[in-house]
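The block underneath contains the structure these notes are about, expressed in structure tokens.
Protein chains in written order, with the working numbering: chain A, 1 to 273; chain B, 1001 to 1273.
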């Protein structure tokens, strides 16, 4: 397995430089030669949708994805409807920003019935498809780590995400694989192979030991135990040649100067991914 | 699904009353009418093996299991041998205490190669079997939650634990199911059904929302989101009628008077399990 010799597929997921605005993140990518950026809705809203789209376009960057849609289950029909409406707004935003991938973090159950919540995720995605298709944006189901099953997503394995995605036309629904969420799975290599043709994104970071925190404990590539290159090769073997997003929730990184973070990302990407 | 009307299958896993000695925990069980106790090696060592065995026997309690063997992988052959020797001592202790189940927490990988570590767990269990058989003690593989994959166990799904157990004679190797570790699994009910005849123990607690901590955040039954009774019914449907251990790592519970904890366990067991 060989390292990359360039950063032609590297994408900065904006959360990794959490203190930066859209403009700062875009400028940082341009300075560092990073060709893609993954945007977050909250950050885009701060700058404004049109202005964010203009900044990215003028800089010549490509938007690898927009984070995030999903969060479907809710206690009442009215709330569930509001969530669907919000997802349609997210699709509008993705289209305006020029990306064809909306990342779905499917959300927790509204009660103890995780099975019913999983079934509802399928129903909600079905309802979004016409609008997504109309806007030329694909829904990328991201399985989250099982430790988030109660608070962030009832979809917690790649197998389940794939099963869900296969219910729909691959032109509209696919999968986003983040190594942090799936590396522990004893069937991960089989599951990646079976996701061939459905992979819409590949996110990297690392799993730190000891694990400092459930949410904020993700590490820079090379600082943890994930077999990053082996996973990257497995994803490539399915035919995926798209952007590789670096998405890291980590307080220490957030406190570093953004330019330092970007240089570190470049180095670690070439050394470890 | 009906609640229990008595606590005839209830077991106190000793870690739940972490500040109590073996004698205090045994006395507490007797006072509360709890017929089983799950012991921890560290606690048994504090009291002494023979004395612990005598205390339990004199009180008329049954020992549901001993925690814990396992932790197999290590960087050097000498260390791996030392781990196997320690597991043999754990088997001696289990036999002396009168339990036929040693719970295996299989341990993390010694490096980034989680696949190799999984293969080594199988090899290590194979090496322990003759000694376990000789002592009339079964090895109970406990799949841990995937968030412990890097620090506590490379065996993180019931499917993987079952696959591993099936490599061996069911008279010597089985599975211990703790709801906390497996509740999130979209295939959990299928997996439980497929573990029929292999289940050596069933542990309950709850998954709190929000999750306060990776290790110390387990909750009392009823305080979280796990479908406890549905899982208990699924385990019973396989034919398992053995003890149900309450194993909770939680600082607040540890700080409560032990008797209060035991009364709370009894109430919650009858209401939620």
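Note that the Cβ used here is the ideal one computed from N, Cα and C, for glycine as well.
Since we're looking at a predicted model, the values are computed, not measured.
- A check of alpha carbon separations from residue 225 of chain A across A:30, A:161 and A:179 identifies A:179 as the nearest.
- For residue 102 of chain A, no alpha helix (DSSP H) run applies; the uninterrupted beta strand (DSSP E) run containing it begins and ends at 101-105, by DSSP.
- Beta-bridge annotation (DSSP): residue 177 of chain A is paired with A:202.
- For residue 245 of chain A, no alpha helix (DSSP H) encloses it; the enclosing beta strand (DSSP E) starts and ends at 244-246.
- Annotation: residue 198 of chain A has no Cβ neighbours in chain B at a cutoff of 7 Å; minimum Cβ distance is about 17 Å.
- Exposed is the label assigned to residue 79 of chain A, since fewer than 16 other Cβ atoms lie within 10 Å of its Cβ.
- Short of 8 Å from the beta carbon of residue 1047 of chain B, and not among the five residues preceding or following it, lie these beta carbons of its own chain, in chain order: 1021, 1022, 1023 and 1055.
- Contact annotation: in the stretch 1183-1210 of chain B, residues whose CB is within less than 7 Å of a CB in chain A are 1184, 1186, 1207, 1209 and 1210.
- Per the C-alpha coordinates, the member of A:8, A:239 and A:68 positioned closest to residue 29 of chain A is A:8.
- Per the DSSP secondary-structure output, residue 1067 of chain B pairs in a beta bridge with B:1040 and B:1103.
- By the C-beta density criterion, residue 2 of chain A is exposed, having fewer than 16 other C-beta atoms within 10 angstroms.
- Residue 1150 of chain B and residue 163 of chain A have their alpha carbons spaced roughly 27 Å apart.
- Between residue 66 of chain A and residue 99 of chain A, the CB-CB gap stays under 8 Å.
- Taking the CA atoms as reference points, residue 1165 of chain B sits about 6 Å from residue 1173 of chain B.
- Annotation: the continuous alpha helix (DSSP H) that includes residue 115 of chain A extends over 114-134.
- Exclusion of the five residues before and after residue 1041 of chain B leaves 1066, 1067, 1068, 1090 and 1093 as the residues of its chain whose Cβ lies within less than 8 Å of its Cβ.
- Assigned with DSSP and collapsed to three states, residue 12 of chain A falls in strand.
- In the structure shown, residue 171 of chain A falls within a coil segment according to DSSP collapsed to helix, strand and coil.
- For residue 32 of chain A, the nearest beta carbon of chain B is not closer than 8 Å to its own beta carbon.
- Within 10 angstroms of the beta-carbon of residue 260 of chain A lie fewer than 16 other beta-carbons, which makes it exposed.
- One Cα belongs to residue 1036 of chain B, the other to residue 1018 of chain B, and the distance between them is close to 16 Å.
- DSSP places residue 1140 of chain B within a strand segment (E or B) once states are collapsed to three.
- For residue 1087 of chain B, the CB contacts under 6 Å within the same chain, skipping 5 residues up- and downstream, are 1069 and 1128 in chain order.
- In its chain, beyond the 5 residues on either side, 1246 have a beta carbon closer than 6 Å to the beta carbon of residue 1265 of chain B.
- Rounded to whole angstroms, the Cβ separation of residue 1238 of chain B and residue 1193 of chain B is 6 Å, and the two are in contact under 8 Å.
- For the stretch 1152-1170 of chain B, the set of residues with a beta-carbon nearer than 7 Å to any beta-carbon of chain A comprises 1156, 1157 and 1160, in chain order.
- For residue 1123 of chain B, no CB of chain A lies under 8 Å from its own CB, so it is not counted at the interface with that chain.
- A distance below 7 Å between beta-carbons, with the five flanking residues on each side excluded, links residue 249 of chain A to the following residues of its chain, in chain order: 15, 215, 216 and 218.
- The shortest CA-to-CA distance from residue 1184 of chain B to any of B:1145, B:1196 and B:1160 is the one to B:1145.
- Under a criterion of Cβ atoms nearer than 9 Å, the residues of chain A adjacent to residue 1147 of chain B are, in order, 145, 146, 147, 184, 211 and 214.
- Put simply, the CB of residue 1112 of chain B is near chain A, with a gap under 8 Å to one of its CB atoms.
- By alpha-carbon distance to residue 1199 of chain B, the top candidate from B:1159, B:1186, B:1208 and B:1223 is B:1159.
- The beta carbon of residue 126 of chain A does not come within 8 Å of any beta carbon belonging to chain B, so the residue lies off that interface.
- Shown here for residue 131 of chain A: same chain residues with a beta carbon closer than 7 Å to its own, the five before and five after excluded, namely 88 and 91 in chain order.
- With a threshold of 8 Å between beta carbons, residue 1079 of chain B makes no contact with chain A.
- Among the residues facing chain A, residue 1273 of chain B is not included, as its CB has no counterpart in that chain under 8 Å away.
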